[in-house]
Amino acid sequence: MLLTFAFCAVQLHWRSYFAVPLPWSDSARSIARCALALSVPAVAMGVLRGLKDRWSVLGVTVAASLFCAAYAEVLHTWIVDRANFDPNFHTNAEWQWNLHNAIMGLERWCAPHVFRFLPDCIVSFNFWLTGDREWSIHVFRFGANTALFAMILRYARVYLSVVWSFGPMLVVAMLYPVTILRYNGQFTDPLAHFSLVAGLFFLARRHEPGFFAAFFAGILAKESINLLAPCRCFHGNWRRSFLLGFIYLAAGLALTVAVRRYIQGPIPVAYTSISGTGARQVFGNWGARGIWWPMYAVTIGALLPGAVAGWRHIDAAFRATCVTVVLGTIASNLFISLMWEVRNVVPAFIPLAILNFRYLETVLARGTATPRLNRSGASQVTAPSRV
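In structure tokens, the structure reads:
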């Protein structure tokens, strides 16, 4: 976490230096591009480190993460980057780079995007090394999505067996095209989603240092990571958990406001200070419900029946976390974003998908139970053991 803060501080303080690529030869820049590309599978292996699988299973897991991320990147390139939603620019890719320069310049007019500078710091570093704008963006997004899909699988493994844990990752990949239909392609989402899922994973594993790092570093990608604080209340001893949840929420909101005051000066701490939106946002979103309700119907709506079926097959802490994430991401989209930007509720898909596959795994395990004889000679039904 400290390295993340230091990285952002260096990038923003000497932003004019990093805005100009290193004066390398073309061959040196080609080597830099190859090194960045090779770092992506290394990211997947780093996220999946700790799984006690055979090398063949681990290889399939890494390959699946890379495939889902590559699939998402191809779709994003053709659906978002090459489209044009702003008449002032030729393509959304041009709009993205203009916003990136404004964020790295800490220009106040582009709030709330300027408050979410961690992804842009990474893109800026990539550009400084390679001098290639498109490569810098693609490698960042590919790497962040690879980390996201790998972390989804890692989180699912807490509750599902090896084979079934691939299900939630594939569901998120399948729904990905719907989530990017209506937005311009700002860089924050894959890294913010990764931070939130990483926080959920560390909560499930009761790993406090990991949760601490994911929480505070993630806030630099998007303020909605504060949603992890109430999730902390559901894991462990309830008194200690509620106390820690309150501390995380207070510290997270303090960091959120501190970032805004650093960029915008001594502004009043009001609703509009959080994400640059006002109360009219809610009414505007509700008035546009004809646009977004079909998107929610085929994403969250499609996952709800299976989630209800799997509800009683999983622990109470997960159920409380699931409700918090689903309602929290939808409320965040309603109050501080645009409801038709379904990309913002991608974290809600993950616990819902886990519930779906937990139900399927449980039911099929019962259906394939094998009889064996106990010591008295009577038939006894035994379900297959979990891997």
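The numbering of the sequence shown is the working numbering, which starts it at 94 and goes up by one. Don't be surprised by glycine CBs; every beta carbon is placed ideally from N, CA and C. On a predicted model such as this, the values are computed, not experimentally measured, just so you know.
Here DSSP, grouped into helix, strand and coil, assigns Arg142 to coil. Assigned with DSSP and collapsed to three states, Trp433 falls in coil, not helix or strand. Following the DSSP letters along the chain, one finds Asn330 in no alpha helix (DSSP H), marked with neither H nor E. Going by DSSP, Ser288 is part of the alpha helix (DSSP H) stretching over 281-297. In this structure, DSSP gives Ile273 a state outside helix and strand, which the three-state scheme calls coil.
Distance from the Cα of Gly143 is smallest, within the candidate group Leu313, Arg412, Met244, Ile443, for Met244.
For the pair Leu320 and Val350, the Cα-to-Cα distance works out to about 15 Å. The residue from Val439, Ser425, Pro387, Leu445 with its alpha-carbon nearest to that of Ala402 is Leu445. For Thr392, the secondary structure class from DSSP, reduced to helix, strand or coil, is coil. For the pair of segments examined, the stretch 420-435 was found not to touch the stretch 298-308: the number of CB pairs separated by less than 8 Å stays below three. Where Val153 is concerned, the enclosing alpha helix (DSSP H) starts and stops at 148-169.
About 7 Å separates the Cβ atoms of Met262 and Ala157, confirming a contact at the 8 Å cut-off. Comparing alpha carbon positions, the residue from Asp225, Arg332, Leu96 closest to Ser120 is Asp225. By the C-beta criterion, the stretch 171-190 is judged not to be in contact with the stretch 282-290, since fewer than 3 inter-stretch pairs fall below 8 Å. Taking a 10 Å sphere around the C-beta of Glu166, we find 16 or more other C-beta atoms and assign the residue as buried. Residues Leu192, Ala195, Ile196, Gln279, Thr281 of the same chain have their beta carbon placed closer than 8 Å to that of His206, with the five preceding and five following residues left out of the count.
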